[in-house]
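**Student:** Numbering (our numbering), first residue to last: -11 to 490.
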């Protein structure tokens, strides 16, 4: 998570021209040429109207950057970009298109070592951003209009757009930051994913503060190992300026390690370990969470509507970020009291028949364990009611977590319903087969690949006092089957079930 205040941000319209030489100021160019009347020349003073990395969005006068993605390679769409009017093409694979193609089209060819880095450098020059990060509620409590770039949505100036990625590519997030300033935002809150760091999506930005919450088993289909995953995350902390803040959770073993790589000033927080900012006297209930924050010998009582012990850690992170940026403690105390729950993060839906459904985004072993622990802490399950858990594992993703999640759910739940969660190109039944290898002996487990049927089955068996944890999708409004996103909402399934009961 990143906390930022937007300073010295020059707004540049997406259609304002800029010379190629200005855009390439920070880019290491291996080769560049243009043909003029059949003669090969080197040129820098071409006017570029806009930057694109999607050939379909290219219009006359644009610069197109060919980026190799996980599924699509932008080099394959160079001809489309040129046909749509691109006058400059930046690419890393010199052999992707012959020089003769560019000569015939009269288009500037710019060859670079890494087109992702080049895209970041070019878009950074185009939008001139200086950024730092701060949690939205705390900033707005200071009267600062704040934008948000995160997993669920991108929002600013009264406009909300569903997020396609946690961290958009460098071109898109620079556009978003530029639009935020144009709409009067003085600050932005931004989630930075490990994919974004590894793929240079935030390259060229200067961060004022970084918050390290935790590192758990996720994205190993991409990174391969936890150390490689950590290496991607630590990039953010290694590149902080001496004036910036690295805010780190000492309850997390990887957080303790990342302190050694933090270049900026350091501030630590923890629930279960000594730290600069800590918590005591924690009280959990359905109404929310109460505890006391300790910092520099002072105690600050906290009341929050957020549910679950894991949210104590999240609130400490927010409070620590506010301290780093000089927000008064009473202001943060009040803003935390007014914080609303985040869509799809441990949201409870009560039934007239006395059971409760909890919808949560938990899709990793650690997140699932914490969600189930929160169910026990908050609802007192085990004292009469049962815990029924519905979950699945994503297709074409880290397969090693499938049996681990089964072990966690069957150890911490009374009943488990195993189902689908974005099977993508895998057979849902085969995913469930792999999940089932981790099931605790003697556990009560149902398997149902159709997610709606699985949720209905779990709700149908619920009795007064039971809690049904529906894990994995949270805020998501779709199922990914093959390459298609099909509308699906856990909320809608629960709502339909409740309406049918009434």
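From the three backbone atoms N, C-alpha and C, an ideal C-beta is built for every residue, glycine too.
1. Does residue 338 come out as helix, strand or coil in the three-state DSSP assignment?
2. Leaving aside the five residues before and after residue 295 along the sequence, list all residues of the same chain whose C-beta is less than 6 Å from its C-beta, in chain order.
3. Identify whether residue 548 lies in helix, strand or coil by the three-state DSSP scheme.
4. Would you identify the three-state DSSP class for residue 498, choosing helix, strand or coil?
5. Evaluate residue 55 with the Cβ neighbour count: other Cβ atoms within 10 Å of its Cβ, from every protein chain shown; 16 or more gives buried, anything less gives exposed.
6. Enumerated in chain order, which unbroken segments of the alpha helix (DSSP H) with a length of 4 residues or greater are wholly contained in the region 351 to 413?
7. Figure out for me which residue from 72, 488, 392 and 382 has the closest Cα to the Cα of residue 470.
8. Determine which residues share a DSSP beta bridge with residue 276 and list them.
9. Helix, strand or coil for residue 476 per DSSP?
10. Tell whether a beta-carbon distance below 7 Å holds between residue 263 and residue 279.
11. Any contact between the region 462 to 476 and the region 429 to 437? By contact I mean 3 or more CB pairs, one from each, below 8 Å.
12. How long is the line joining the alpha carbons of residue 235 and residue 40, rounded to whole angstroms?
13. Does residue 348 come out as helix, strand or coil in the three-state DSSP assignment?
14. Rounded to the nearest angstrom, what separates residue 100 and residue 86 at their Cα positions?
15. By alpha-carbon positions, which one of 90, 472, 75 and 394 ends up nearest to residue 414?
16. Mind checking residue 483: buried by the 16 CB within 10 Å criterion, or exposed?
17. For residue 290, does the three-state DSSP call read helix, strand or coil?
18. Name the residue from 453, 133 and 331 whose alpha carbon lies nearest to the alpha carbon of residue 374.
19. Compute the minimum distance between the beta carbon of residue 434 and the heavy atoms of the ligand NAP, and state whether it is under 6 Å.
20. Are the region 402 to 421 and the region 323 to 338 in contact at 8 Å, needing three or more beta carbon pairs?
21. Would residue 226 and residue 200 be called neighbours here (beta carbons separated by less than 7 Å)?
22. Compute the Euclidean distance between the alpha carbons of residue 89 and residue 52, then round it to the nearest angstrom.
23. In three-state DSSP terms, what is residue 318?
24. Measuring alpha carbon to alpha carbon, tell me which of 412, 359 and 441 ends up nearest residue 455.
25. For residue 150, which of helix, strand or coil comes out of DSSP?
26. State the Cα-Cα distance for the pair residue 275 and residue 239, rounded to the nearest angstrom.
27. Between residue 308 and residue 259, how many whole angstroms is the CB-CB distance? I'm expecting something under 8 Å.
28. Look at the alpha carbon of residue 102 and the alpha carbon of residue 273, and state the distance between them as a whole number of angstroms.
29. Let's see if you can read the secondary structure: which residues bound the alpha helix (DSSP H) around residue 71?
30. May I ask which residues mark the beginning and end of the beta strand (DSSP E) holding residue 134?
31. Just reading off the alpha helix (DSSP H) that residue 420 is part of, what are its end residues?
32. My understanding is that residue 345 touches residue 447, with C-beta atoms under 8 Å, so please give their C-beta distance in whole angstroms.
33. Who are the Cβ neighbours of residue 144 in its own chain at under 6 Å, not counting the five residues just before and after it?
34. Compare the C-alpha of residue 461 against each of 431, 362, 486 and 352 and name the closest.
35. Name the residue from 411, 416, 428 and 261 whose alpha carbon lies nearest to the alpha carbon of residue 393.
**Tutor:** Taking the definition as stated:
1. Mapped onto the chain shown, residue 338 falls at position 350. Residue state, collapsed to three classes: strand.
2. Within the chain shown, residue 295 is the residue found at index 307, counting from 1. If we look at residue 295 and ignore the five residues flanking it on each side, its Cβ neighbours are 334 and 366.
3. Since the first residue shown for the chain is -11 and the last is 490, residue 548 is missing from the structure and cannot be characterised.
4. Residue numbering for the chain in the displayed model covers -11 to 490; residue 498 lies beyond these limits and cannot be assessed.
5. Position 67 of the chain shown holds residue 55. Buried, by the Cβ-count rule.
6. 353 to 367 and 389 to 400
7. On the chain shown, residue 470 is found 482 positions in, with the first residue counted as 1. Among 72, 488, 392 and 382, the Cα nearest to that of residue 470 is on 382.
8. Residue numbering aside, residue 276 sits at position 288 when the chain shown is read from its first letter. BP columns for residue 276 point to 273.
9. Locating residue 476 in the chain shown gives position 488, counting from the first residue. Here residue 476 sits in coil by DSSP.
10. Numbered from 1 along the chain shown, position 275 holds the residue referred to as residue 263. Numbered from 1 along the chain shown, position 291 holds the residue referred to as residue 279. Result no, Cβ atoms of residue 263 and residue 279 do not sit closer than 7 Å.
11. no
12. Stepping through the chain shown from its first residue, residue 235 is reached at position 247. Stepping through the chain shown from its first residue, residue 40 is reached at position 52. Each residue's alpha carbon lies about 34 Å from the other.
13. Translated into positions along the chain shown, residue 348 becomes position 360. Three-state DSSP puts residue 348 in a strand.
14. Walking along the chain shown from the start, residue 100 turns up at place 112. Walking along the chain shown from the start, residue 86 turns up at place 98. So the two alpha carbons sit approximately 15 Å from each other.
15. Counting from 1 along the chain shown, the entry for residue 414 is found at position 426. Looking at the Cα atoms, 472 is the closest of the given residues.
16. In the chain shown, residue 483 corresponds to position 495, counting from 1. The residue in question, residue 483, is exposed, as its Cβ has fewer than 16 Cβ neighbours within 10 Å.
17. To locate residue 290, count along the chain shown from 1; it is residue 302. Strand.
18. To locate residue 374, count along the chain shown from 1; it is residue 386. Ranking 453, 133 and 331 by Cα distance to residue 374 puts 453 first.
19. Of the ligands one can find in the structure shown there are none, so the ligand NAP has no counterpart to examine.
20. no
21. Numbered from its first residue, the chain shown carries residue 226 at position 238. Numbered from its first residue, the chain shown carries residue 200 at position 212. Cβ distance not < 7 Å, so residue 226 and residue 200 don't count as in contact.
22. The count along the chain shown starts at 1 and reaches residue 89 at position 101. The count along the chain shown starts at 1 and reaches residue 52 at position 64. Each residue's Cα considered, the two are about 15 Å apart.
23. Against the chain shown, residue 318 aligns to sequence position 330. It is helical.
24. Your numbering for residue 455 matches position 467 in the chain shown. Ranking the options by Cα distance to residue 455, first place goes to 359.
25. Within the chain shown, numbered from 1, the residue matching residue 150 stands at position 162. Reduced to three states, the DSSP call for residue 150 is strand.
26. Numbered from 1 along the chain shown, position 287 holds the residue referred to as residue 275. Numbered from 1 along the chain shown, position 251 holds the residue referred to as residue 239. Rounded to whole angstroms, residue 275 to residue 239 spans 25 Å at the Cα level.
27. For this step, residue 308 is matched to residue 320 along the chain shown. For this step, residue 259 is matched to residue 271 along the chain shown. With 8 Å as the limit, residue 308 and residue 259 do not qualify as a contact, their Cβ atoms being about 12 Å apart.
28. As a first step, residue 102 is located in the chain shown; it is residue number 114 there, counting from the start. As a first step, residue 273 is located in the chain shown; it is residue number 285 there, counting from the start. Cα-Cα distance, rounded: 51 Å.
29. Within the chain shown, numbered from 1, the residue matching residue 71 stands at position 83. Here the alpha helix (DSSP H) through residue 71 covers 66 to 71.
30. Counted from its first residue, the chain shown places residue 134 at position 146. Residues 134 to 137.
31. What you label residue 420 is simply residue 432 of the chain shown in a count that begins at 1. 416 to 424 is the span of the alpha helix (DSSP H), which, as asked, contains residue 420.
32. Looking up residue 345 in the chain shown gives position 357. Looking up residue 447 in the chain shown gives position 459. Yes, they are in contact, since the Cβ atoms of residue 345 and residue 447 sit about 7 Å apart, within 8 Å.
33. Working through the chain shown from its first residue, we reach residue 144 at position 156. For residue 144, where only same-chain residues beyond five positions count, the Cβ hits under 6 Å are 135, 168, 171 and 173.
34. In the chain shown, the residue the question calls residue 461 occupies position 473. Answer by Cα proximity: 352.
35. Taking the chain shown and counting its residues from 1, the one referred to as residue 393 is at position 405. Checking every option, the nearest Cα to that of residue 393 belongs to 428.
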